[in-house]
Each structure stands twice: as structure tokens, then as C-alpha cells.
Amino acid sequence: MSLFDIPNNVYSHPDYYPFIKHVTNIAESFKDPLHTRAAFFHDLGKLNKRFQTNIIHGGKLPYHSLEGAFFYLVHNRMVFDIDSFGVFLSILKHHGNLEDVQTLAEDLFDEDSIRRHHPDLFDTIKHIQATTGLNIDFDLETCCDSFDTESFVKDNHLAGLDSYFRIKETFSKLIFADKYEAIFKETFQRKTTVDVERYQTNLLTLIGGKENALSSVRNAARADVLNTFDGNHDKRLFFLEAPTGIGKTLTSLQLALKIAGVKNKKRIINALPMTSIIDQTHMEYAKIIDENTLLKFHHLTKTKNYVDHDVEEKSETNFFRQKNDFLGSSWGLDQVIVTTFNQILNAFYSNQNRELIKFWTLRDSVVIFDEIQAIPRILLRDFAETITFLSRELNMDFILMSATIPSLKQFLPSDAWCDMLDTKYYSMDFNNRYALAFREEIDTEEKLSVQIQRASKENTSVVCVVNTKKLALDLYEKVKKFCNPDDVFLLSTLFIPKHRKAIIKTIKHRLVNKQKTILVSTQVIEAGVDLDFDYGFREFSPLYSIIQTAGRVNRENREEVRESATLVVTNKIGHSPYHPSDLLYAEVKQLLETPIRENEILPRLKLYFSTTIDRTSQEYVLIDHMKQLEFESVMKRFDKNFMKTLPDIRSVFIEIRSGLYDRFVKKRNQLIHGMKQDGTSLEHIMEYKSRLKRINKCISGYVINICKDDALLFPDFEHYHEMKVCHYPHLNIGEDDQGVYSIKKGWAGLSSTVLF
1 MSLFDIPNNV
11 YSHPDYYPFI
21 KHVTNIAESF
31 KDPLHTRAAF
41 FHDLGKLNKR
51 FQTNIIHGGK
61 LPYHSLEGAF
71 FYLVHNRMVF
81 DIDSFGVFLS
91 ILKHHGNLED
101 VQTLAEDLFD
111 EDSIRRHHPD
121 LFDTIKHIQA
131 TTGLNIDFDL
141 ETCCDSFDTE
151 SFVKDNHLAG
161 LDSYFRIKET
171 FSKLIFADKY
181 EAIFKETFQR
191 KTTVDVERYQ
201 TNLLTLIGGK
211 ENALSSVRNA
221 ARADVLNTFD
231 GNHDKRLFFL
241 EAPTGIGKTL
251 TSLQLALKIA
261 GVKNKKRIIN
271 ALPMTSIIDQ
281 THMEYAKIID
291 ENTLLKFHHL
301 TKTKNYVDHD
311 VEEKSETNFF
321 RQKNDFLGSS
331 WGLDQVIVTT
341 FNQILNAFYS
351 NQNRELIKFW
361 TLRDSVVIFD
371 EIQAIPRILL
381 RDFAETITFL
391 SRELNMDFIL
401 MSATIPSLKQ
411 FLPSDAWCDM
421 LDTKYYSMDF
431 NNRYALAFRE
441 EIDTEEKLSV
451 QIQRASKENT
461 SVVCVVNTKK
471 LALDLYEKVK
481 KFCNPDDVFL
491 LSTLFIPKHR
501 KAIIKTIKHR
511 LVNKQKTILV
521 STQVIEAGVD
531 LDFDYGFREF
541 SPLYSIIQTA
551 GRVNRENREE
561 VRESATLVVT
571 NKIGHSPYHP
581 SDLLYAEVKQ
591 LLETPIRENE
601 ILPRLKLYFS
611 TTIDRTSQEY
621 VLIDHMKQLE
631 FESVMKRFDK
641 NFMKTLPDIR
651 SVFIEIRSGL
661 YDRFVKKRNQ
671 LIHGMKQDGT
681 SLEHIMEYKS
691 RLKRINKCIS
701 GYVINICKDD
711 ALLFPDFEHY
721 HEMKVCHYPH
731 LNIGEDDQGV
741 YSIKKGWAGL
751 SSTVLF
């Protein structure tokens with residue numbers, strides 16, 4: 001139902017698209033009265049005479065958000081409570097980012113500035129009144145004076161986490177539904193809940209096909225987890241703390257499915273700390289979850305930022321490509337999502353339009369934080385406060401899991417969480433697979449290569465994990481000089497996923513057959529890769545990363561190597577991609593000053609985390625600023641404390657066979673052409689989306705991410721925004737390691753080897 005009647009010859013978008021249809025479709029997208037109000041008022045500025053003329057005849061479209069926001073403000077009798085201010089702010093910023101509210105209030109108090117920047121304001125208000133039939137007594141001075149306060153947030157009783165997240169949800173719904181309607185010209189229809197029963201059946205079938213020596217322990221652990229949940233339905237925070245190799249990936253998914261079934265959840269989201277381990281988790285999920293409802297999403301899968309709704313002179317090709325980009329980046333249609341910490345934490349803490357467009361999808365979800373120890377300790381208090389609030393107010397359940405969970409529980413209400421597994425799994429025989437030892441004297445690439453040589457003479461298989469691709473490549477070259485080159489392998493994300501998968505398969509085959517194998521790798525093998533070596537080395541890194549690498553040493557608890565299996569932690573050698581606050585060099589060194597067995601690690605870990613928490617500031621980094629609605633400041637403080645900024649990177653398609661690129665382009669163009677046909681229904685668009693998604697998935701098997709400077713040397717991938725292509729004739733591909741890309745070394749571009 002519309003709040004007002006507007007003739008069909010008043011337009012919101014090009015091609016004579018009726019204004020009233022646009023706002024009504026948006027309003028009906030969610031059963032939420034706040035969203036309905038925001039929807040009907042957000043574009044009222046488009047009733048401006050100049051806007052209507054230019055949208056028909058062409059020309060620059062005037063700014064319209066402030067006019068709609070002010071009209072709503074006066075229509076709402078200048079009332080500022082949490083809900084009405086959330087609607088006002090969402091209307092005002094629906095084409096931009098959320099600002100610090102106090103700074104925004106100071107800008108809105110400046111009447112002279114508003115008159116200068118919005119000369120058509122009064123005429124627009126008159127057009128709105130005439131067209132809608134809503135009569136208001138508009139006075140700009142009165143509007144501006146409503147922001148005349150030294151502490152706008154405090155004086156209007158707006159402070160608090162409740163305000164922070166309610167405003168974000170209102171904003172998120174508006175920008176999502178607005179964009180969706182502008183693209184599809186339809187009301188957004190929410191999907192039903194997760195198809196729990198079928199996915200549980202698929203999961204159990206997959207588990208049944210993975211029988212090995214540890215199956216009984218893994219099955220027992222899964223049963224314990226599910227039984228614990230049966231007695232704790234009222235809890236919303238579930239800690240899954242278990243040693244590596246116990247099968248946490250599938251156990252957590254089984255738990256998430258059960259929670260979704262019992263609590264009628266809309267989505268399951270699995271967040272991992274690094275993009276390099278997402279592929280493996282996604283592949284496991286793809287064996288269980290339907291492709292049409294499963295999404296892999298991180299910063300490298302996005303193909304573009306959102307276009308400005310007011311700049312609609314885009315080419316048809318860009319417009320229809322944008323449909324798929326939007327559906328993926330907004331999470332609106334997928335029921336199971338595998339993503340990164342960055343993506344979901346940005347939804348929590350970012351002020352950016354492009355990040356918040358998916359915030360509304362978090363309500364009624366189950367979120368798995370895999371490897372929770374990767375959250376910087378300086379942010380643990382803020383993170384704990386955040387998930388406690390969201391679990392209560394947005395009906396979210398969280399599964400927090402790791403082999404090394406930090407002291408997060410001390411920041412949570414005792415009645416909000418439960419442990420899903422007994423610590424007995426840390427002291428079982430299977431959990432005595434290896435020893436950890438710190439060798440401070442191994443502090444150069446040369447010394448490390450010598451140690452690898454010695455270890456390879458005494459062990460059939462050796463793995464060495466370092467922090468950067470450059471060090472991995474250099475070390476690989478050194479190791480090949482003293483070993484049979486056919487026994488030495490390199491693994492990093494400078495290999496296309498198709499080749500990474502093949503390398504892992506080859507290594508796994510060699511390990512099973514007890515062939516001499518030496519692997520030099522980056523963190524790409526630290527999670528989700530089922531490899532089992534006799535001996536290992538790990539360049540100094542955060543403790544959680546060390547433990548993850550250790551999980552690749554005697555993973556299957558082979559008795560013949562149990563006494564000798566060791567992960568040697570070296571000193572810092574190369575560049576570190578980790579945040580300084582997470583390396584904790586002195587603390588980790590102290591923890592490992594004497595070698596320890598795997599089943600002795602847990603008490604030392606608890607002492608370690610307790611000590612590090614005691615040494616961490618007890619002050620919040622973000623929460624106080626969130627309560628004051630300092631949206632931009634929160635984002636900046638989060639970015640500063642969460643993770644080092646990655647180099648500017650671009651995706652490049654590696655054409656490893658002649659004609660491969662042309663075949664992919666032809667298939668994609670056929671689908672894009674089908675989507676461009678007039679009258680294409682949403683049902684058919686979604687069919688095209690599904691087919692395009694499958695093609696893009698195939699393409700991703702040939703894509704690497706390299707430094708922007710390298711990538712800009714290559715041509716664009718046709719109709720694939722920001723993707724570059726390295727054509728087959730330029731590769732000189734082969735097994736002689738001499739080409740730009742080789743099967744043995746991956747990408748050999750000069751600047752790319754500095755990537756983490």
C-alpha cells in the first residue's frame with residue numbers, strides 16, 4: 001500500500017519507469033514498517049522538475065537524497081528517536097557511506113552551506129508537496145536548528161549498540177532493496193529457510209565415504225557435539241575447541257544445520273581468516289549443498305563496486321553484468337555462504353555502502369567463525385561484546401571453533417555460551433602425534449635450507465611452511481639443488497587453483513605410497529588440506545598458524561613416526577604478513593622454549609592465552625565509538641587494528657591451453673545476451689545467473705591474483721570487469737620452469753613474488 005498517490009508519468013529511472021512503482025516495490029520487499037517509511041520517502045527528491053526533465057531528455061541528474069530526508073524529517077514532526085533517526089539517516093546517505101553522526105549534525109546545522117550546495121531545495125520541496133498531496137510547513141532554518149547541539153547523539157538519547165545496529169539494518173535494507181528494484185524492476189522476495197533435512201543426508205553420506213583410522217574418534221566427537229546441543233538449545237554461542245585432524249569442518253556444518261533446523265534459520269555463513277583456505281572448505285561444502293544456494297565470496301570474487309544509482313548512462317553490457325555482481329555481493333539469494341573474516345567483520349564494523357548492503361542478511365543466521373584465534377587479541381573484547389549483542393538482538397547463533405581458542409570466554413556472559421566438546425580429545429592417544437620445538441638459530445633462508453636437507457635424509461617426507469610467496473619460491477630453488485628435483489614441490493596461490501589441486505593430489509599420492517617428498521609452501525596448506533608428513537618446519541608466525549601447520553605432521557597418527565615427528569619453528573626470516581600485535585614473539589618463544597608433545601599443548605596454550613590477554617589493554621577499541629554512532633571512526637579504527645593492508649592486486653586468467661579463453665568467452669557472452677533480451681523474467685534471470693555462476697566457477701580454476709603493476713600489462717577479459725587475461729602464446733608454459741607461468745613454479749612475474 002502506498003503512502004501517497006503519484007501519477008505514472010512521474011519517473012524514477014530512465015525508460016519512463018514510474019516513480020510510484022519503484023518505491024512501492026521497494027517498500028514491499030520487507031515486512032518492516034521502518035523500511036516501508038524509508039522506501040517511500042528516500043527518492044522524493046526525484047520529483048524535482050529538473051530531475052524529471054533530465055531523466056526524459058538526458059542531462060545531469062541533480063542530487064536528491066537531502067530533499068527526501070528533510071521532507072521526511074518535517075513530516076515526522078522533527079522527532080529524533082532511534083527508529084526515526086535511522087530512517088532519516090538511511091534516506092540521507094542511501095547513495096553514500098555512513099558518517100560520524102556528530103560530524104554530520106554539525107554539517108546539517110550549517111544553513112548557508114546547504115543553501116549553496118542545494119539551490120533547488122525549496123523548489124523541490126514544493127514539487128514534492130504538489131505531487132504527493134502531503135502538505136508540510138517547511139522551514140530550512142528550523143530543520144538546521146534541530147541539529148544545533150554540542151552532543152547530538154547524547155541530547156537525543158541515541159547512544160548505544162542498539163542504535164548502532166538498528167540504524168545499520170534499516171540502512172542495509174533500503175540500499176539493498178533500492179538497488180535490487182533498480183536492476184530487476186521487481187519486489188525482492190525472500191527465500192525460505194535452509195533445506196536442512198536434505199543437506200544433513202548429503203553430509204552423512206559424505207562422512208560415510210571417508211573411513212580411516214581416525215573415523216571412530218571423529219564420529220564420536222560429532223556425536224558429542226550434537227548431544228551437547230540437544231541440552232543447550234537456549235544458548236547462542238557454541239565453542240567447538242578440538243585438536244587438528246578431528247574433522248571440525250564437517251562437524252561444525254552438521255551442528256550449524258541442526259541449529260538451523262531447530263531455530264528456523266535463514267542462512268549459514270562460514271567465515272575463515274584467509275582467502276587461501278576458502279577454496280578447500282567451499283569444495284567440501286559443494287559436495288553437500290546445492291550449487292544454486294551456495295556462495296563463495298571474498299574480496300577477490302567481487303568484480304566491481306556498486307554504481308551510483310543517479311548515474312545510469314552505463315552501457316547495457318555493464319548493466320546486465322552488474323546483475324550478477326550485485327546478487328553475489330549482497331548475499332540476498334544464497335542460503336549457505338563461505339567467506340572471509342574480513343567480509344563479515346566489515347558488515348559488523350564498516351560504514352561503507354558496499355559492505356553494509358549485506359548486513360540485513362545476518363539476521364536469523366548461523367555464523368561459523370573457523371579459526372577464531374585469528375581475531376587480533378586487541379579486538380577480542382569488542383568482538384565478544386558484538387557477537388553477544390547480535391546473538392540476542394538479531395537472532396544470530398555463533399559457532400566459534402579452533403584448535404587453539406583464545407581467552408574469549410572471559411569477555412562473554414556465562415549463561416550465553418557452552419563448550420561443545422570435552423577436553424578429553426586433547427589427551428587421547430591419537431592426540432600425541434608430534435612434538436613442537438623452537439630453533440632460534442634458524443634465522444636465514446640459507447640455514448633453513450640446510451636443515452631441510454638434513455631432515456630429508458632422515459625422513460621420507462618433509463613440509464616447510466613460510467610466510468610469503470617470495471621466500472617459498474627462493475627456498476624451493478635452493479632445496480632443489482641438493483635433492484632430486486622430482487621429489488621437491490612448491491605450493492602457493494601463485495599457481496592457478498586447477499594446478500594447486502593437481503599438486504596436492506600428486507603429493508597425497510606420493511605420501512600414501514611413501515615416496516620421498518619435500519614440500520615448500522605458504523599458508524595455503526594450513527587448513528582444509530588433508531596431507532600427512534613425517535617432519536616439518538614453520539617460519540615464525542602467530543601461534544594459531546604454528547598449530548595449524550603442526551596438524552600436517554603425522555596427521556593420521558602413524559605409530560612408526562610418532563616419536564620422531566616434529567614441527568620445528570624457526571626464527572623470523574622473511575617479511576611478515578601478520579599484524580605486529582599478533583606475532584607475540586617473546587610469548588611464543590617462551591611457550592616453546594622446551595620441546596612439547598601434542599598432548600601437552602593444551603595447558604600451555606591456556607596459560608599462554610591467559611598471559612597475552614593480561615598484557616592486552618582492557619579498554620575497548622571500537623565499542624565506545626559504536627555507541628556514539630561514530631560510523632566512520634569505527635571503520636578506521638577497525639581497519640587499523642584488524643589486519644595489514646594487502647598490496648593492490650588484480651585477477652588474471654591464465655590460458656594454459658590454446659583456445660581455452662575463447663571457449664569461455666563464447667559461453668559467457670551467450671548467457672549475457674540472453675539476459676539482455678526485453679521481458680526476461682526474474683525466473684529466467686536466475687537460471688542464467690546459475691549457469692553463469694557455473695561457468696565463472698570453471699574460469700576461477702585458471703585465475704591467480706597478482707600485483708596490479710603486473711596485471712595492467714595484460715588485456716581485459718571480455719565482459720568480465722577487472723579481470724585480465726594472459727593469453728597462451730605469451731605464457732611460454734611448460735615444465736622447464738622458464739616461462740612466465742610454469743607447472744612447477746606457478747607465476748613468475750617480477751612483482752608478484754612479494755605477495756603474501
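Going by our numbering, the first residue of the sequence shown is number 1, and it counts up by one from there. All C-beta atoms, glycine included, are put in the ideal place defined by N, C-alpha and C.
Determine the burial state of Lys-676: buried for a count of at least 16 other Cβ atoms within 10 Å of its Cβ, exposed for fewer.
Position 676 of the sequence shown, counted from the start, is the residue given in the question as residue 676. Exposed is the call here.
Considering Leu-671, what are the terminal residues of the alpha helix (DSSP H) in which it resides?
To locate residue 671, count along the sequence shown from 1; it is residue 671. In the DSSP assignment, Leu-671 falls within the alpha helix (DSSP H) that extends over 660 to 676.
What do you get for Arg-555, buried or exposed, if any count of 16 or more other CB atoms within 10 angstroms of its CB means buried?
Against the sequence shown, residue 555 aligns to sequence position 555. Answer is buried; the Cβ neighbour count reaches 16.
Any idea if Tyr-16 is buried or exposed, counting beta-carbon neighbours within 10 angstroms, 16 or more meaning buried?
Position 16 of the sequence shown holds residue 16. When all chains shown are included, Tyr-16 counts as exposed.
Backbone secondary structure at Ala-435 - three-state DSSP
As a first step, residue 435 is located in the sequence shown; it is residue number 435 there, counting from the start. Three-state result, Ala-435: strand.
Cut-off 8 Å between Cβ atoms - residues of its own chain near Leu-421, not counting five sequence neighbours on either side
To locate residue 421, count along the sequence shown from 1; it is residue 421. Here the set comprises Ala-221, Asp-224, Val-225, Thr-228, Leu-240, Glu-241 and Ala-242.
Counting along the chain, where does the beta strand (DSSP E) carrying Tyr-535 start and finish?
To locate residue 535, count along the sequence shown from 1; it is residue 535. Run containing Tyr-535: 535 to 538, per the beta strand (DSSP E) assignment.
What distance in whole Å lies between the Cβ atoms of Ile-695 and Leu-667, which are believed to be in contact at a cut-off of 8 Å?
Indexing the sequence shown from 1 puts residue 667 at position 667. Indexing the sequence shown from 1 puts residue 695 at position 695. In the sequence on display, residue 667 carries Lys and not Leu. The pair is a contact, with the Cβ atoms about 5 Å apart (cut-off 8 Å).
Quick one: residues in its chain with C-beta nearer than 7 Å to the C-beta of Glu-316, no 5 flanking neighbours on either side, listed in chain order?
Mapped onto the sequence shown, residue 316 falls at position 316. Residue confidence is low: Glu-316 scores 45 on pLDDT, short of 50, so the model does not pin down where it sits. Its coordinate-derived value is still stated next. Cβ neighbours of Glu-316 beyond the five flanking positions: Lys-676.
Determine the contact status of Phe-147 and Ser-29, defining contact as a CB-CB distance below 7 Å.
As a position in the sequence shown, residue 147 is number 147, starting the count at 1. As a position in the sequence shown, residue 29 is number 29, starting the count at 1. In this structure, Ser-29 does not lie closer than 7 Å to Phe-147 by Cβ.
Could you check if Asp-308 is buried or exposed, using at least 16 other CB atoms within 10 Å of its CB as the buried criterion?
What you label residue 308 is simply residue 308 of the sequence shown in a count that begins at 1. A caution first: Asp-308 carries a pLDDT of 40, below 50, which makes its placement in the model unreliable, though a value can still be read off. Exposed.
Put Val-311 into one of helix, strand or coil per three-state DSSP.
By one-based count along the sequence shown, residue 311 stands at place 311. Note that Val-311 scores 40 on pLDDT, short of 50, meaning its location in the model is unreliable and no value can be drawn from it.
Extract the residue ranges of the alpha helix (DSSP H) inside the region 596 to 666, only unbroken runs of 4 or more that lie entirely within it.
601 to 614, 623 to 627 and 631 to 642
Nearest CA to the CA of Asn-135: which residue from Cys-144, Ile-125 and Thr-142?
Position 135 of the sequence shown, counting from 1, holds the residue named residue 135. Cα-wise, what sits closest to Asn-135 is Ile-125.
Cα-Cα separation between Lys-21 and Lys-185, rounded to whole angstroms:
Within the sequence shown, residue 21 is the residue found at index 21, counting from 1. Within the sequence shown, residue 185 is the residue found at index 185, counting from 1. One C-alpha to the other measures close to 9 Å.
Only counting runs of 4 or more residues, tell me where the alpha helix (DSSP H) segments fall wholly within the region 507 to 580, in order along the chain.
543 to 550
Return the chain-ordered list of same chain residues with a C-beta closer than 8 Å to the C-beta of Lys-302, the five sequence neighbours on each side being excluded.
By one-based count along the sequence shown, residue 302 stands at place 302. Here the model assigns Lys-302 a pLDDT of 44, short of 50, so the residue's position is not dependable, and the following value carries that caveat. So the list reads Asp-325, Gly-328 and Ser-329, once near-sequence residues are dropped.
Val-490 and Lys-469: beta carbons closer than 7 Å?
Translated into the one-based positions of the sequence shown, residue 490 becomes position 490. Translated into the one-based positions of the sequence shown, residue 469 becomes position 469. Residue 490 is actually Leu in this sequence, not Val. No, these two residues do not count as a Cβ contact at 7 Å.
Helix, strand or coil, according to DSSP, for Ser-146 in the structure here?
What you label residue 146 is simply residue 146 of the sequence shown in a count that begins at 1. Three-state result, Ser-146: coil.
Distance, Cα to Cα, Lys-478 vs Val-488?
For the purposes of this step, residue 478 is identified with residue 478 of the sequence shown, where counting begins at 1. For the purposes of this step, residue 488 is identified with residue 488 of the sequence shown, where counting begins at 1. Counting only the Cα atoms, Val-488 lies some 10 Å from Lys-478.
Hey, Lys-265 and Val-153: beta-carbon distance below 7 Å or not?
Taking the sequence shown and counting its residues from 1, the one referred to as residue 265 is at position 265. Taking the sequence shown and counting its residues from 1, the one referred to as residue 153 is at position 153. No.
Check whether the region 269 to 281 touches the region 367 to 379, taking contact to mean three or more Cβ pairs, one atom from each stretch, closer than 8 Å.
yes
For Glu-241, does the three-state DSSP call read helix, strand or coil?
Here residue 241 refers to the residue found at position 241 when the sequence shown is read from its first residue. Correct three-state label for Glu-241: strand.
Check whether Ile-357 and Phe-171 have beta carbons under 7 Å apart
Taking the sequence shown and counting its residues from 1, one reaches residue 357 at position 357. Taking the sequence shown and counting its residues from 1, one reaches residue 171 at position 171. No, they are not a contact pair.
Could you tell me if Cys-464 is buried or exposed, where buried requires 16 or more neighbouring beta carbons within 10 angstroms of its beta carbon?
Here residue 464 is taken as the residue at index 464 of the sequence shown, counted from 1. The residue is buried, with at least 16 neighbouring Cβ atoms inside 10 Å.
In or out: Thr-423 buried (at least 16 other Cβ within 10 Å) or exposed?
Within the sequence shown, residue 423 is the residue found at index 423, counting from 1. Per the 10 Å Cβ criterion, exposed.
Through-space distance from Leu-692 to Ile-704, alpha-carbon basis
For this step, residue 704 is matched to residue 704 along the sequence shown. For this step, residue 692 is matched to residue 692 along the sequence shown. Each residue's alpha carbon lies about 20 Å from the other.
Based on Cα-Cα distance, which residue from His-127, Asn-232, Lys-287 and Asp-120 lies nearest to Gln-200?
Here residue 200 is taken as the residue at index 200 of the sequence shown, counted from 1. For Gln-200, the nearest C-alpha among the options comes from Lys-287.
Residue ranges of each beta strand (DSSP E) within the region 364 to 402, 3 or longer:
365 to 370 and 397 to 402
Quick check on the burial criterion: 16 or more other C-beta atoms within 10 angstroms. Buried or exposed for Glu-14?
Within the sequence shown, numbered from 1, the residue matching residue 14 stands at position 14. The sequence shown places Pro at residue 14, not Glu. Burial call: exposed.
Beta strand (DSSP E) containing His-13: first to last residue?
The sequence position of residue 13 within the sequence shown is 13, counting from 1. Element bounds for His-13: 11 to 13.
Please name the residue in Arg-500, Lys-606 and Ile-613 whose C-alpha comes closest to that of Lys-744.
The count along the sequence shown starts at 1 and reaches residue 744 at position 744. Nearest C-alpha to Lys-744: Arg-500.
Collapsed DSSP secondary structure at Asn-270 in the structure displayed:
Residue 270 sits at position 270 when you count from the first residue of the sequence shown. Of the three classes helix, strand and coil, the one that applies to Asn-270 here is strand, per DSSP.
Inspect the beta-carbon positions of Ile-246 and Arg-218 and report whether they are closer than 7 Å.
As a first step, residue 246 must be located in the sequence shown, where it is residue number 246. As a first step, residue 218 must be located in the sequence shown, where it is residue number 218. Cβ atoms of Ile-246 and Arg-218: closer than 7 Å.
C-alpha distance - Pro-7 paired with Val-23, whole-angstrom precision:
To locate residue 7, count along the sequence shown from 1; it is residue 7. To locate residue 23, count along the sequence shown from 1; it is residue 23. The alpha-carbon atoms of Pro-7 and Val-23 are separated by roughly 13 Å.
Specify the secondary structure class of Gly-208 as computed by DSSP and reduced to three states.
Locating residue 208 in the sequence shown gives position 208, where the first residue counts as 1. It is helical.
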